[in-house]
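The next block holds one structure in the form of structure tokens; read it before the comments.
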Amino acid sequence: MPEKNLSSERMLSKMPEKEKQAVLREMMEEFAGYDFELKLARGLAREKTPDEMKIIDLVNKRGNEVLARYGLPESSVSPDNVYVLCGEDWRWGDENDALCMPALRAVVMRDFCSNVKFAVTTLHETFHFKSYSALQLTIGGGEIPSVYRAGLTVANRFIKEEYLRKRYSKTGKRYFARYFSNLNEAVTEELAKRFICDPSVRENPLFKDEFAETERLRRKYGESARYESGEKFFIEDVYWATIEKGELRGKRFVYSQERRILNTLIDRLFEINKEKFESRERVFDVFAKAMFSGNILPVGRLIDGSFGKGTFRKIGELDDSLNQQEEFVNAL
Numbered sequence: 001m002p003e004k005n006l007s008s009e010r011m012l013s014k015m016p017e018k019e020k021q022a023v024l025r026e027m028m029e030e031f032a033g034y035d036f037e038l039k040l041a042r043g044l045a046r047e048k049t050p051d052e053m054k055i056i057d058l059v060n061k062r063g064n065e066v067l068a069r070y071g072l073p074e075s076s077v078s079p080d081n082v083y084v085l086c087g088e089d090w091r092w093g094d095e096n097d098a099l100c101m102p103a104l105r106a107v108v109m110r111d112f113c114s115n116v117k118f119a120v121t122t123l124h125e126t127f128h129f130k131s132y133s134a135l136q137l138t139i140g141g142g143e144i145p146s147v148y149r150a151g152l153t154v155a156n157r158f159i160k161e162e163y164l165r166k167r168y169s170k171t172g173k174r175y176f177a178r179y180f181s182n183l184n185e186a187v188t189e190e191l192a193k194r195f196i197c198d199p200s201v202r203e204n205p206l207f208k209d210e211f212a213e214t215e216r217l218r219r220k221y222g223e224s225a226r227y228e229s230g231e232k233f234f235i236e237d238v239y240w241a242t243i244e245k246g247e248l249r250g251k252r253f254v255y256s257q258e259r260r261i262l263n264t265l266i267d268r269l270f271e272i273n274k275e276k277f278e279s280r281e282r283v284f285d286v287f288a289k290a291m292f293s294g295n296i297l298p299v300g301r302l303i304d305g306s307f308g309k310g311t312f313r314k315i316g317e318l319d320d321s322l323n324q325q326e327e328f329v330n331a332l
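If you count the sequence shown from 1, position 105 lands on 105 in this note's numbering, and the numbers rise without skipping.
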């Protein structure tokens with residue numbers, strides 16, 4: 001049932017019974033789909049290694065340290081809700097390495113055969129779980145507003161006719177425009193990057209050998225390592241590398257353009273507000289705290305106060321086009 005599985009902090013409803021039941025039916029169908037996928041993952045998942053159990057514990061501790069920094073209560077993800085599947089058992093597409101099920105507080109991932117890659121993926125998804133989430137269903141003034149919050153992400157409100165019209169072409173399910181999801185993913189991955197770049201983590205016996213091998217390969221190949229397109233292999237975002245079947249393989253931090261937009265925005269905000277912030281990192285903290293607490297007003301006030309009223313909203317409205325969003329932020 002949705003009431004049991006939702007990780008949301010609240011679900012409010014004043015909808016007429018008939019309309020409420022229609023929405024709840026769609027929710028039930030969606031959660032039934034999640035439940036099926038979760039049962040499939042459980043059946044295919046291998047037993048986690050002792051190292052992976054230690055990493056999940058470390059990830060929970062580090063995640064809760066971040067929450068404590070922002071004055072928020074602890075929130076942990078059970079090791080039982082992390083599923084690792086061997087390559088031949090993966091059912092979610094070649095382009096995907098992990099599947100996040102926030103409503104069920106579960107994450108399904110490929111067997112990376114790497115403690116470092118396992119840690120980064122688990123941490124990213126764990127930060128999503130620890131972020132504020134809320135599902136609110138209300139009605140009033142001829143509307144059927146559905147406000148969904150996940151970290152910094154906010155869903156739009158539609159009037160009834162538009163709500164009923166907005167459906168995915170393949171599934172027929174209703175959907176809502178969402179804003180600030182790019183910033184949400186950027187903050188989440190930046191937090192994971194800060195964890196992996198921490199000297200104490202890099203010296204941890206769980207990861208030390210993999211990091212040493214990565215640096216050895218970086219020194220050995222350096223500028224000469226390139227993809228067929230000519231792009232450099234060892235860019236700054238490469239955090240893991242190995243030789244597999246005679247070929248150089250690597251893993252980068254994801255959401256590179258989203259993070260570039262976030263970092264440009266933070267740089268500009270710090271430049272304008274140096275009298276308010278002792279360091280650039282304190283500006284980042286405004287975004288991170290908003291993601292975990294659900295209170296995005298300080299972010300909006302900071303951005304609009306620095307660049308003019310409506311700037312924050314405009315950034316959100318450009319979420320569907322990363323290039324346009326980046327151009328807009330670069331011009332601030």
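Beta carbons: idealized from backbone N, C-alpha and C, even for Gly.
Specify the secondary structure class of Ile-235 as computed by DSSP and reduced to three states. By 1-based counting over the sequence shown, the position of residue 235 is 235. Collapsing the DSSP output to three states places Ile-235 in coil.
Run through DSSP, which three-state label would Glu-327 get? Residue mapping note: residue 327 aligns to position 327 of the sequence shown, counting from 1. DSSP places Glu-327 within a helical segment (H, G or I) once states are collapsed to three.
Output yes or no for whether 8 angstroms exceeds the beta carbon distance between Leu-183 and Phe-253. Counting from one through the sequence shown, the residue named residue 183 turns up at place 183. Counting from one through the sequence shown, the residue named residue 253 turns up at place 253. It is not a contact, given that the beta carbons lie outside the stated cut-off.
Look at Glu-190 and Leu-262 and say whether their C-beta atoms are less than 8 angstroms apart. Here residue 190 refers to the residue found at position 190 when the sequence shown is read from its first residue. Here residue 262 refers to the residue found at position 262 when the sequence shown is read from its first residue. By the CB criterion at 8 angstroms, Glu-190 and Leu-262 fall inside the cutoff.
According to DSSP, which residues form a beta bridge with Arg-313? Working through the sequence shown from its first residue, we reach residue 313 at position 313. Beta-bridge pairing links Arg-313 to no other residue.
Using only CA atoms, which one of Leu-58, Pro-79 and Val-187 lies nearest to Arg-42? Residue 42 sits at position 42 when you count from the first residue of the sequence shown. Checked all of Leu-58, Pro-79 and Val-187; the closest Cα to Arg-42 is Pro-79.
Take Lys-54 as the anchor and find which of Tyr-179, Leu-123, Asn-295 and Ser-75 has the nearest alpha-carbon. Position 54 of the sequence shown, counted from the start, is the residue given in the question as residue 54. Cα-wise, what sits closest to Lys-54 is Leu-123.
Thinking C-alpha only, which one of Glu-271, Asn-323, Phe-180 and Ile-303 is nearest Glu-317? Here residue 317 refers to the residue found at position 317 of the sequence shown. Comparing Cα-Cα distances from Glu-317 to each of Glu-271, Asn-323, Phe-180 and Ile-303, the minimum goes to Phe-180.
Anticipated Cβ contact below 8 angstroms, Val-333 with Asp-111, distance rounded: Residue 333 is absent from the model: the chain starts at 1 and stops at 332.
Gly-43 (DSSP reduced to helix, strand or coil): Numbered from 1 along the sequence shown, position 43 holds the residue referred to as residue 43. Gly-43 falls in the helix class under three-state DSSP.
Let me know the secondary structure DSSP gives Lys-274 once reduced to three states. Locating residue 274 in the sequence shown gives position 274, where the first residue counts as 1. Looking at Lys-274 - three-state DSSP - the assignment turns out to be coil, as it is neither helix nor strand.
If you compare alpha carbons, which of Glu-275, Arg-260 and Ile-272 is closest to Asn-323? The residue given as residue 323 occupies position 323 in the sequence shown. Asn-323 has its Cα closest to that of Arg-260, out of Glu-275, Arg-260 and Ile-272.
Neighbourhood of Phe-207 by C-beta, 6 angstroms cutoff - its chain only, sequence neighbours within 5 removed: Mapped onto the sequence shown, residue 207 falls at position 207. So the list reads Asn-115 and Val-116, once near-sequence residues are dropped.
Closest by C-alpha distance to Leu-58, when choosing among Ala-192, Ala-98, Met-109 and Thr-153: The sequence position of residue 58 within the sequence shown is 58, counting from 1. Checking every option, the nearest Cα to that of Leu-58 belongs to Ala-192.
Judging by CA-CA distance, which residue of Lys-276, Ile-266 and Glu-258 is the nearest neighbour of Ser-321? Residue mapping note: residue 321 aligns to position 321 of the sequence shown, counting from 1. Of the listed residues, the one whose Cα sits closest to Ser-321 is Glu-258.
Burial state of Arg-91, where buried means 16 or more other Cβ atoms lie within 10 Å: Along the sequence shown, one-based indexing puts residue 91 at 91. Note on Arg-91: under 16 other CB atoms within 10 angstroms of its CB, so exposed under the neighbour-count rule.
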